[in-house]
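Going by UniProt numbering, the sequence shown opens with residue 1, and the numbers climb by one from there.
The C-beta atom is built at its ideal place from N, Cα and C for all residues, glycine as well.
All values derive from a computational prediction rather than experimental measurement.
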Amino acid sequence: MDKDFFVQISNNMLIENKNLKENYLLSNEALLIYILIIQTMTLRNYCTFSIYHLLDCLCVSHKQTITIEKIKNCLLELNQMNIFTYYEDVYFNKQVKDISKIKRGDKYFVEANYIFDDNFFIVYDDEIKKILDYCKGKKNIDKFKLAGYFCYLIMRMNKENKICYPSFDKIEFDVGIGIRAIMSYNTILKELKLIDYINGGYRVVRGKVKQDVNYYCRYEDRECLEEYSKRFKEDNSLKSQTNSEKKKSNKKRSLKQKINHLEKVGDTTGARQIKEAYDNL
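Below, the structure is given as structure tokens:
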């Protein structure tokens, strides 16, 4: 994977930040269009796009009117949030006022207005291309949601241990996809060698056995996940061992009480049988 080419994405574009006056939370569709346009950023600090170029990136026919309208809606969303301003010329003299009238084959110039703080992450151009290439011709896969979910996982990953572990409920709330889609997307992203993940197994919560969350990392960082998995299993083994020893101790204490009682009432045979069970623990 070529790490020389990447885009910077604000966390505020994926999860709502109530501390900000403006809302920059993007739909999955607008997020992907943002990425594809930002990928064209030049040294002169402007981007370019055409509808046809975006369709090519999405691996969609130039005649796909539904996708064309979706792209225009995304362009409008990005403009209304003051993330992008569109112009017909490179000098930013002639601003596009009516986005619905953007011509499919014409090239437009983009001024990026969003000011980044420290809460951001990066995705590589090759990662997005892998996702879009995979989705080509697959009508049953929503490329916008798949890309949005991938970005969400990358955003959540801790910069130090390179792992994240959002619950299914949290993902469903933040990304807008259900558990079946999450499981399907996990399989796809792992197949594409973009992420790796393990499941924490099962744990007891308030007396009920529940499946633990998944633990995710970028595929290239899977050694971190393997190390984490090793520590996780050791911790579980230690907990299991501790619980087992506790049960054994309680059992021996109970048997000892029975032995003392039988000896007290003169039942030496019964006391001897219980003592054999005690000694075998």
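If you look at residue 175, you'll find it isn't in any beta strand (DSSP E); it sits in the alpha helix (DSSP H) that goes 168-175. Here the segment 215-225 makes no contact with the segment 251-265; the two share fewer than three CB pairs at distances below 8 Å.
Under the DSSP definition of a beta bridge, residue 196 partners with 217.
Annotated as distal: residue 34 and residue 51, with beta-carbon spacing of 9 Å or more.
Membership of residue 37 in the alpha helix (DSSP H) is indicated by the continuous run 28-38. The three-state reading of DSSP puts residue 141 in coil, since its state is none of H, G, I, E or B. Counting of Cβ neighbours within 10 angstroms places residue 163 among the buried residues, the total reaching 16 or more. Residue 124 has 6 as its beta-bridge partners, per DSSP.
Going by beta carbons, residue 215 and residue 228 fall inside the 9 Å limit.
Annotation for residue 85: the continuous beta strand (DSSP E) segment containing it runs 84-87.
Going by C-alpha positions, residue 31 is about 10 Å away from residue 75.
Bounds of any alpha helix (DSSP H) do not take in residue 48; it lies within the beta strand (DSSP E) bounded by 47-49.
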